[in-house]
Every structure is written in C-alpha cells, then in structure tokens.
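Engineer: Going by the working numbering, the sequence shown opens with residue 78, and the numbers climb by one from there. Built from N, CA and C at the ideal position, the CB exists for glycine as well. This structure is in structure tokens; I'll ask about it shortly.
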Amino acid sequence: MRPNKVLSWQISKNTATFKYENFTLNFQTFSERIINIFASKGENKSFTQAVVMKPEEAAFDMEESKDYIILSTGLVKVRIGLEQDFAMEFIDNKGFLLQTIGIDLSNKNRSCSFKIRKDEHFYGLGEKTGFLDKRGRRYTMWNTDHYEDHDEGADCLYESYPFYMGLNRTGCYGIYLDNTYKTFFDVGKQDKDTVTFGAEKGPLNFFFIYGPSMKEVVLGYTKITGRIELPPLWALGYHQSRYSYVPQEKVLEIARTFREKDIPCDVIYLDIDYMDGYRVFTFDKEKFPDPAGMIKELEKMGFKVVTILDPGLKVDGDYGPFKEGLKKNYFVTDKNGLPFTGRVWPGLTCFPDFSRDDVKSWWAGLHEEYMNMGIAGIWNDMNEPAVMDSSTKTMPVDLVHDRNGNPTTHEEFHNIYALNMAMATKEAFKKFRPCNRPFILTRAAFSGIQRYSAMWTGDNRSYWNHLKTSIPMLLNIGLSGEPFCGADIGGFTGDCSEELFIRWIQTGVFYPFCRNHSGASTADQEPWAFGARCEQIAREFIKLRYKLLPYIYNLFYQAASSGDPVLRPLVYEYEEDENCHAVFDEFLLGESILGAPVVEPGKTNRAVYLPDGRWIDWWSGKEHEGGRYILADAPLDKMPLYVKAGSIIPMREPMSHTGEKPLEAEFHIFPGNTTEEIRGEYVYYEDDGRSEDYKKGAYNLYKIRYTMSKDVVDIKFEKTHSGYDLGQKDFKAVIRGEKIPDTVLINGRKSGFNKENENMVIDFC
Ligand code: MIG
C-alpha cells in the first residue's frame, strides 16, 4: 500500500512537485494557511465548481536536508521525508501538528490517512446524522433522497460537504476534499487512531487548512468555497409551509389567520399541489384560478410567496417546457444520446442537464412568469436528483452530462447537480429581478452551495429524537460553510404533538432558516393547531425572533464577511474548554446568546453548561457564573436562554412581518452585575435589507462601545461607514440586568438617563 521513497522533486515559487515511484504529489500554497495537495498518477489537476479561491501571493520557503524537505508558508510547514517510505507531516510554530499515515492510489481507492491526535474531536462533514463530535463514525458523501428515519444509522442524506475539522489541544486543522464523486470519511471507525478520506474515483485533490483556531479553519474553508451573500431581510422572518396549502382560498385563510392571531410571519409556501399535474412552471387552474391576484392579496398582508420546483419535466407532448427541452436536447441522456426518463411526481420525466450553461439560462428563463407574478422565492426539491422508480433512488451513474462540451458521467456530476440547479435559479433572479436579493431554498447541495442558496434538512420526522439531533446537524452544517440552514419545525413526516411542537418552536426560532413545514396527511402544525396554550407560547417565541432580527441580520452580515456560522456550537467560541467539545443540545446564536432547549418530553428543567464568563438569564435577569453546569428551570412555556454579560444586542419591537416598519434597532446593553470594570463592543450593520446596493457601499456601520465602572456607564457611539441615507436616525440604548447605573454618558456627555424610568431607555442623538 505504501508508495516508495521520493525519486525527484521540483520546487518553484508557490508550487512543489514530488515524484514517487507510482504517483506524483503536488503542493500549492493558496495562502499562509491554505495548502492544496494533489496526488495523482498523471491526471490533470482540476478544481470543482465548489472552489472559488484564487491562490494568493504566498511563496514557499524551502529547507532541504538529507532526510527531509520542508515547505513553509510562514505559518505552517509541510515536511516531506526523503529517506523513508512516504512521509508527510504538518508542523506549526508550536511544533508537530499532524502526521500522515499514507496515501493510497490503487485502482479502487484514492485516499489519504492521518493519525488521529490525542484527545481529538471532529466536526463539520455537513448534513450528517448523529451528534456533534463525529469521531468513531464513517460517512459517505452521495446526495440521497433519504425519506426513511434520519436516525444515527442513516448515512447519506441530501447534501454533501466533503469537509471536516480536527480539534485538539495543539489546535484545529481542516481538510476539504475537492472531489464530486462519491467520497468517504472514516473518522476513526475502521481504526480508532486513523482518519481516512477518499473516493473510488476522481482526484485525490484536497486542501489542508491551518487554524490553529477553529474560527480560522472555517474562515479558510469559506475562503476556498465562498460565502453567502446577504439574504433579503424577509427571508429571516418566520416561514409557514405545508404539503400542500391548496386551494388558493386556503393559502389566503392561513395568511389571514396569522394576522388575526397576531403571530408574526413573512412567508407562505406553495408545495407541489399548486401545479397542473406536477408540471413545473404551471398552476392548476381550478385550485389556483388567479395566482397573481392571490399573490397581490398576500402582499397586502405582508406575505411573500415561495413556490416549490422539482428539476424533472413531465414527458408530455402538450407541455411547452418539455417540448422545448426535448427539441433542443437539453436533457440528461444515456450513452447513446437518448434522453433519460425516470418516474417522479408527474410520472415519467426528463431531467435538465444543468451542467450546461445554455440549459442553465433556459431554466432561468422559464421562471419569467413566476417572477412577473411576484413570486418571491424558489424552493428546489428532489434535486439529488431523486428518481422514484430506481433502486438507487437516483439516475444511473453512467448517464452523460455534457458540461459545455466536456462530457462526464452522472457519477461525477451527481453530487453537484443541485448546486448547478441553484446556479440556474440564481440566474433567474439576476435576469428578472436584478435589483433584488434572491431567495433560494434547496434540499440537495454540495460545498459552495452557500453562495447561492439556503438549505433545509429534508424529510425529518415529528419525533423527539429529530428535534434533538436537528441541533448538532445544523451546527455542523454551519461549520461546513452554510450558515443559512434549518430543519422543518414540528417535523415533516408523522403527527406532531402539542408538547413536541412547543419545544420545537422554542428551538426553531433560533434556526437561521426558520420554517414550519409538514408532510401531506399529517396532523396540522400551524402555531394555533394545538390549542390556546401552544398558540400563546408559539406567538411569544416567534415574536422573540422578530425582536432579535437586528441581531440576527447582523449575524448574516458576519457570515457574509467572514464565514462565521450564525448558529454556533459552544466549542466554536470556547474551543479550549473541554466541557464544550461535545455539547450538542445547546447552541450559541452569534457570540452572545446561548440557548439550551428542552428536547425530551416531560421535562421541566435541564442541566445547562455555561462556558466561561457570566451569563444573564434572559427571562429573569438573574446572573450565573460560567464554567459550570447549572440546573435551569424550563417549564413548558420557557426555554433556558442566556446572554453573555458584557454583550450588546440590537433588538426591536416585534412586528407582524419584516416589511411593516423599517428595521430600527435599540441597543440592549447587558453589563452584568460586577464590581470590576466591564467593557463591551458591537459593530452594527445597516442597509435597506432587500437590494443589491450594499455591494456598492450603500450601507452604514456603527461602532458602539461602553465601559461600566462603579455606577457609570460610558457609551461611545460612532458611525464608521456611511453609505445608506435612509437608515435609522434616532438611536436608543437600554441597560439590562441586575445592576442599574446612576449615570450614563453618551460620547462623553451626560445623558438624560433616569434610574426611576423603568424601561432604562437612553436616547442617543
Ligand atoms: O417526495 O413536494 O422534502 O419538503 O413537501 C416528496 C412534496 C416531495 C419532499 C420534500 C418535502 C416536500 C415534498 N417533497
């Protein structure tokens, strides 16, 4: 298995090539932290569509001795052994980081193995079942319509992110395997001390991403595969969905009920039954006699409409899109060039070959009528692609994708079919709504999807266990570069109960993508479906999300600028705290808010680990010392929620939908109760929340800082970027927590703050 010694090598600027007896190893620095490694038997190096990073100017330094060659980027070194069998080690300035066990390039396997370091934990790997730390399991990356239970035994779900991180005391590193074939990651399963990743086919082309912090690794990975663009603000509101709301009158009734019941909601979904016989880009004329009118009506109530689309087009000689696709040879074909047909909802269907630019543009063009009607977002489903009459649940792997004249098999294209479909969908928005931000939701995906689309985790179930494991699943998806993620609140398959729904909505309002969705012929799951008690709790929690929208929107701004996940595992912020390494049933929303939902029935309290620092109970204002577990009270109407002392959180009054009033923030300052001097700082981002003008500088940034010593809070407030004239004019702050100061200074001047004013509001300007 082990290749032999190095036969020769060649080094220039930022690349190095080592020839071994039966393979070649190629290194390229992309940055001080990112090294691309390509092991081949003579194939060409190529990058998938996931990779958007261009190598930065970062030349190698090379040291040569009798036994080794060391390539150094300044931060990290790769040491290649010259005397022994293949040996590759990664070293940083603190010393030894990672040791390669071997590279295997046999016919049926291209893989690389590293030694698992002492006390190592593994994260990332995208949409996978189980808990937070992935150690001890083996995962396959192959997009699959997995309708069965998403329990721990389930391996392939809808999306593939061939990326993982290893964290131990020496630090964190990441590996992104840039191969779209079926890949695998054995994280200490076969051998408890070895992590092996690879594929049967395709290149062993991967990126080593140096930390040493987890944040740096995520930053590096999202440099390689790109980051989200800012979503429209409405997409961060609450979404209501159902398979399916029909007819038209039912959709309107649901919308009206939200307004009548004073439950905030921004988006309502049309699932497959809106179509005429599941023909995409059509409406059933009986059920939806006037979709444009319905959309207008919904618009008046402040609702956006998102429609589902499946990739397959019904084989039907009277159906325009199919006829055109057939005539122009736009479909995926077999080896003989005949269009492949497979059964999906509409019966026999043909599948657009999204590998081609002209097919993408054609597909984009098909959205014209929807866009003109005012449909606000597109939901791409069944895009693994799912094929119902196939034992593999998908197309045969030997089908052909033309790839703009560079044909390849479905085997290579399968995992990026949905990514390419999302590219086509985004093109539709660019074409018909050039000024507005797109909203796309996808079920299947590959690394890089964050540049195009939000994701949801597919057909979960109304099981307690699915509520519980939605948290680590979303946390790992966030770490894998896709911050805009959510699971169906209430569960898709099966009947939700009142208690489960209450606990799920309490959790779900913190999902970055917050949507209640439910399967056909399951119990109703709208917030009011379980009676008055549940309705009241759901209202309160959905309102809480709307209160936090300025903070949440700013987290998306951070995700767009640095790749930081919106929803983070504790370990992301406290990686040195061993107690945080495997915590899966708590999360951080940004740095400052810690949620610890109840995810089991019948519980009215739970243990909560609070990391280092002081934490203020959201509900009572009571303060807790961190670095320990507390037993938190969690009656049915409460979810344990904490703010880190020192934080500043921009909030607003809740509203029925995001378009009701401009997003004006009030800064809630949580200094905490301490005799020590305390400081806090927050950068607040503001723009119009819907257009692309922010890319041209139409946004404002504010920096708010404060110190609190004894009884004085000294706030400094400055505008650090000015570009959006229609922004907020009056700013307010609120002091929260147990300790109330005597005096508040704003930019050095005494404010009108008055201790007796119960609301503790301070006017700024
Ligand atoms: O085979 O469109 O995951 O969210 O409601 C089922 C109907 C097809 C699967 C999606 C689900 C959606 C459903 N779809």
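From Asn460, Pro239, Lys266, Met732, pick the residue whose C-alpha is nearest to that of lysine 338; which is it?
Structural biologist: Nearest C-alpha to lysine 338: Met732.
Engineer: Put arginine 826 into one of helix, strand or coil per three-state DSSP.
Structural biologist: DSSP places arginine 826 in strand when its eight states are reduced to three.
Engineer: With respect to the alpha helix (DSSP H) encompassing serine 768, which residues constitute its N-terminal and C-terminal limits?
Structural biologist: Note, serine 768: premise wrong, no alpha helix (DSSP H); not H, not E.
Engineer: Write down the C-beta distance between glutamate 743 and lysine 796 rounded to the nearest angstrom, noting that I regard them as a contact closer than 8 Å.
Structural biologist: At roughly 17 Å, the Cβ-Cβ gap does not stay under 8 Å, so glutamate 743 and lysine 796 are not in contact.
Engineer: Are glutamine 583 and methionine 459 touching if we call contact CB-CB under 8 Å?
Structural biologist: In this structure, methionine 459 does not lie closer than 8 Å to glutamine 583 by Cβ.
Engineer: Run through DSSP, which three-state label would glutamine 317 get?
Structural biologist: Correct three-state label for glutamine 317: strand.
Engineer: Please classify tyrosine 97 as buried or exposed, where buried requires at least 16 other C-beta atoms within 10 Å of its C-beta.
Structural biologist: It counts as buried.
Engineer: Taking the alpha-carbon positions, what's the arginine 79 to isoleucine 111 distance?
Structural biologist: The predicted model places arginine 79 with a pLDDT of 46, which falls under 50 and marks its position as unreliable; any figure quoted below should be read in that light. Roughly 26 Å separates the two Cα atoms.
Engineer: Using only the alpha-carbon positions, how far apart do isoleucine 146 and leucine 159 sit?
Structural biologist: Each residue's Cα considered, the two are about 7 Å apart.
Engineer: Does the ligand MIG have a heavy atom nearer than 7 Å to the CB of glycine 567?
Structural biologist: No, the ligand MIG has no heavy atom inside 7 Å of this Cβ.
Engineer: Identify the continuous alpha helix (DSSP H) that holds valine 648 and give its terminal residues.
Structural biologist: 647-650 is the span of the alpha helix (DSSP H), which, as asked, contains valine 648.
Engineer: Is valine 294 closer than 8 Å to arginine 215 when the C-beta atoms are compared?
Structural biologist: Against a cut-off of 8 Å, the Cβ pair of valine 294 and arginine 215 comes out as no contact.
Engineer: Is it right to say tryptophan 456 is buried, meaning 16 or more other beta carbons lie within 10 angstroms of its own, or is it exposed?
Structural biologist: Counting Cβ neighbours within 10 Å, tryptophan 456 comes out buried, since at least 16 surround it.
Engineer: Taking 7 Å as the cut-off, is the CB of methionine 450 close to at least one heavy atom of the ligand MIG?
Structural biologist: Incorrect: methionine 450 has no Cβ contact closer than 7 Å to the ligand MIG.
Engineer: Quick one: Cα of histidine 198 to Cα of phenylalanine 284, how far?
Structural biologist: If you take the alpha carbons of histidine 198 and phenylalanine 284, they lie about 19 Å apart.
Engineer: What do you reckon, are the CB atoms on isoleucine 554 and alanine 531 nearer than 8 Å?
Structural biologist: No, Cβ-Cβ distance for isoleucine 554 and alanine 531 is not below 8 Å.
Engineer: Would aspartate 846 be called buried (16 or more neighbouring beta carbons within 10 Å of its own) or exposed?
Structural biologist: The question about residue 846 has no answer, for the chain in this structure spans 78 to 842.
Engineer: With 16 other CB atoms within 10 Å as the buried threshold, where does glutamate 700 fall?
Structural biologist: So glutamate 700 counts as buried.
Engineer: Measuring straight from C-alpha to C-alpha, what distance separates lysine 377 and methionine 498?
Structural biologist: Looking at the two C-alpha atoms, the distance is approximately 31 Å.
Engineer: Is any heavy atom in the ligand MIG found nearer than 7 Å to the beta carbon of isoleucine 385?
Structural biologist: Result yes, Cβ under 7 Å from the ligand MIG.
Engineer: Hey, could you find the ends of the alpha helix (DSSP H) tyrosine 628 is sitting in?
Structural biologist: Counting along the chain, the alpha helix (DSSP H) containing tyrosine 628 begins and ends at 626-639.
Engineer: What separation, rounded to the nearest whole angstrom, lies between the Cα atoms of valine 328 and arginine 616?
Structural biologist: Taking the straight line joining both Cα atoms gives about 20 Å.
Engineer: Report the residue ranges of all alpha helix (DSSP H) runs contained in full by the region 156-224; include only those spanning at least 4 residues, in chain order.
Structural biologist: Listed in chain order, nothing qualifies, since the region 156-224 has no complete alpha helix (DSSP H) run of 4 or more residues.
Engineer: Report, in whole angstroms, the separation of the C-beta atoms of tyrosine 355 and lysine 391, which I expect to be a contact under 8 Å.
Structural biologist: Right, their Cβ atoms sit about 7 Å apart.
Engineer: Would you call alanine 711 buried or exposed, if buried means 16 or more other Cβ atoms sit within 10 Å of its Cβ?
Structural biologist: Under this definition alanine 711 is a buried residue.
Engineer: Assuming tryptophan 692 is part of the beta strand (DSSP E), what are its boundary residues?
Structural biologist: Element bounds for tryptophan 692: 691-694.
Engineer: Could you tell me which residues DSSP pairs with glutamine 87 in its beta bridges?
Structural biologist: DSSP lists Thr94 as partners of glutamine 87.
Engineer: What's the C-alpha gap between arginine 510 and isoleucine 452?
Structural biologist: Arginine 510 and isoleucine 452: Cα-Cα distance of roughly 11 Å.
Engineer: Mind checking whether tyrosine 351 and aspartate 367 have CB atoms under 8 Å apart?
Structural biologist: No, Cβ-Cβ distance for tyrosine 351 and aspartate 367 is not below 8 Å.
Engineer: Can you look up tryptophan 440 in the DSSP assignment and give me helix, strand or coil?
Structural biologist: Correct three-state label for tryptophan 440: helix.
Engineer: Using CA coordinates, which residue listed in Arg691, Asp802, Arg767 is at the minimum distance from proline 748?
Structural biologist: Cα-wise, what sits closest to proline 748 is Arg691.
Engineer: Identify which residue in Gln635, Leu174, Ser432 has its Cα closest to the Cα of threonine 247.
Structural biologist: Taking only the C-alpha atoms, the option nearest threonine 247 is Leu174.
Engineer: If you check the beta carbons only, do threonine 221 and leucine 234 fall under 8 Å apart?
Structural biologist: Contact flag set, yes.
Engineer: At the level of alpha carbons, what is the spacing between valine 760 and leucine 621?
Structural biologist: Going from the Cα of valine 760 to the Cα of leucine 621 covers about 21 Å.
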